[in-house]
Structures are given as C-alpha cells and as structure tokens.
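Worksheet for the structure shown next.
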Amino acid sequence: MVNIRVILIYDINTEDNDGKRRLVKIMKTSRKYLSHVQKSVFEGDITEGQISLLKREIMAIVNMKKDFVIIYSLRDGVKLNRDILTDTPDPTDNFL
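Just so you know, we're using the numbering used here here: the sequence shown kicks off at 9 and counts up by one.
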C-alpha cells in the first residue's frame with residue numbers, strides 16, 4: 009500500500025448559519041484523515057482509497073457555489089521541500 013502526501017486547503021463561506029455548520033463538518037472530516045496544520049490547512053500521508061473517501065465526504069458537505077476546497081497530492085517519489093520559517097512546533101511531527 010503506497011501512501012501519498014496530501015495537502016488540503018479550504019475556504020468555507022460562513023456568511024450564514026449553514027456555512028458555519030459546513031465549516032465545522034469540513035474540519036471534522038479533514039481531521040479524520042489528515043493532521044491539522046493551521047486554521048484551514050491539513051496535511052498527511054494517506055492511501056489512494058483514503059483520498060477517494062475524503063473527497064467523497066467533502067463533496068457531500070460543501071456548497072459548490074460558495075465554498076472553495078483544493079487538495080494537492082504528491083505521489084511516492086516526488087520530493088516536497090517543506091521549510092517552517094518560525095519557531096512554532098511542527099503539528100505534523102508525529103508522523104511515522
């Protein structure tokens with residue numbers, strides 16, 4: 009089973025109560041699969057099957073006209089340079 013590095017970023021329109029509920033649901037769904045890096049940014053190593061499940065769950069929540077969700081996926085063998093420029097702890101340092 010090959011893991012894929014995934015970065016998920018979202019911007020949910022919270023101008024109404026429905027949007028606020030969607031925001032919480034998107035955050036909880038993202039946490040099931042990925043590590044919460046900051047506000048609306050998640051990352052982690054998951055399988056293709058998990059990516060499919062994540063996408064399906066998110067698509068069932070978002071408003072296609074009002075919300076924005078992007079998922080970057082980096083296949084095995086693709087090197088990602090990741091530099092943290094501050095002294096804050098790395099929220100993903102618990103990856104195996």
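Glycine residues also receive a C-beta, built at the ideal position from the N, C-alpha and C atoms.
Among the candidates Asp75, Glu51, Thr94, whose CA atom is the shortest distance from the CA of Leu82? Glu51
Which of helix, strand or coil does DSSP assign to Glu23? coil
Following the continuous beta strand (DSSP E) through Leu82, name the residue where it begins and the one where it ends. 76-82
Extent of the continuous beta strand (DSSP E) run through Ile54: 49-54
DSSP state of Ile69 mapped onto helix, strand, coil: Coil at Ile69, not helix or strand.
What did DSSP end up calling Arg64 once you bin it into helix, strand or coil? Arg64 sits in a helix when the DSSP states are folded into three classes.
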